[in-house]
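A.B. asks:
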Amino acid sequence: MNVLSSFIVALSLSMDNFAVTIASGCSAGRDLRFKHIFSVSMCFVMAHVLMFSAGWFGGKELGRVIDRFDHWAAFVVLVFIGLKMVKEAFEKKENPNLCRIISFKTILALALATSLDALLVGIALSLTAAPFVLTLLSMAVCVFVTSYAGFYLGNFLGARFGTAVEVLGGVALAGVGVRVLLSGLGIC
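With the first letter of the sequence shown counted as 1, position 8 gets the number 1174 in our numbering; the numbers rise by one all the way through.
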């Protein structure tokens, strides 16, 4: 596995968190804070790094246990949060310009749900000649950049198109959950 392959794997692993941060950025309003975006992006990075490393070093046994329920866990978390976002999009906002900061528990749940693939990829790559450090670093950089960019893209779309994009973001998040479930069940 070469540098390009490591980068492609890393970029693929960061697409779920990109969708999540776009959806989150849609509802942030005008008060999008650097500190919040940085913290959330780092939370996603840490979850991916920990899961990938656990998969790499945990090997096949961990994979057998996790593989039975990972898609269900990700499905429940992503659909729940997506539907909650849709509901909140229709609620009357007291101050529409005030950023709705996502709670730490929600961020943690999203970070874990979007990093479950990293666990399985870590297991799979541990059985190959893939370079651990290169793949891990590529993944960390891709996850951080896509998370960071996702917030700004979502915020731009949310400011421009309002509630419709908030609803679309919530539906997209639930859609990612359904895709993860179907993939885990071998349907697609």
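Glycine is no exception: its CB is placed at the ideal position from the N, C-alpha and C atoms.
All figures in this text were calculated on a predicted structure; none of them were measured in a lab.
Along the chain, where does the alpha helix (DSSP H) containing Phe1298 start, and where does it finish?
C.D. replies: Element bounds for Phe1298: Phe1298 to Phe1327.
A.B. asks: Need the endpoints of the alpha helix (DSSP H) that Ile1273 sits in, please.
C.D. replies: Per DSSP, Ile1273 belongs to the alpha helix (DSSP H) from Phe1270 to Ser1292.
A.B. asks: Spatial neighbours of Thr1272 within its chain, please: C-beta separation below 7 Å, excluding the five flanking residues on both sides.
C.D. replies: Closer than 7 Å at the Cβ level, and outside the excluded window around Thr1272, lie Ile1247.
A.B. asks: Note down, in chain order, each residue of its chain lying with its Cβ closer than 7 Å to the Cβ of Val1169, except the 5 sequence neighbours on either side.
C.D. replies: Hits under 7 Å: Leu1300.
A.B. asks: Alpha carbon to alpha carbon, what distance is there between Val1245 and Asp1236?
C.D. replies: One C-alpha to the other measures close to 14 Å.
A.B. asks: What is the C-beta distance between Phe1218 and Leu1302, in whole angstroms, given that I count them as a contact (C-beta under 8 Å)?
C.D. replies: 6 Å between Cβ atoms; contact.
A.B. asks: Label Ile1188 either buried or exposed according to how many other C-beta atoms from any shown protein chain fall within 10 Å of its C-beta, with 16 as the threshold for buried.
C.D. replies: The residue is buried, with at least 16 neighbouring Cβ atoms inside 10 Å.
A.B. asks: Is it buried or exposed for Ala1340, if we count other Cβ within 10 angstroms and need 16 for buried?
C.D. replies: Under this definition Ala1340 is a buried residue.
A.B. asks: Val1344 to Ala1176, Cα distance in whole Å?
C.D. replies: Approximately 22 Å between the Cα atoms of the pair.
A.B. asks: Roughly how many angstroms lie between the CA atoms of Glu1254 and Ala1325, to the nearest whole one?
C.D. replies: Computed Cα separation, rounded: 16 Å.
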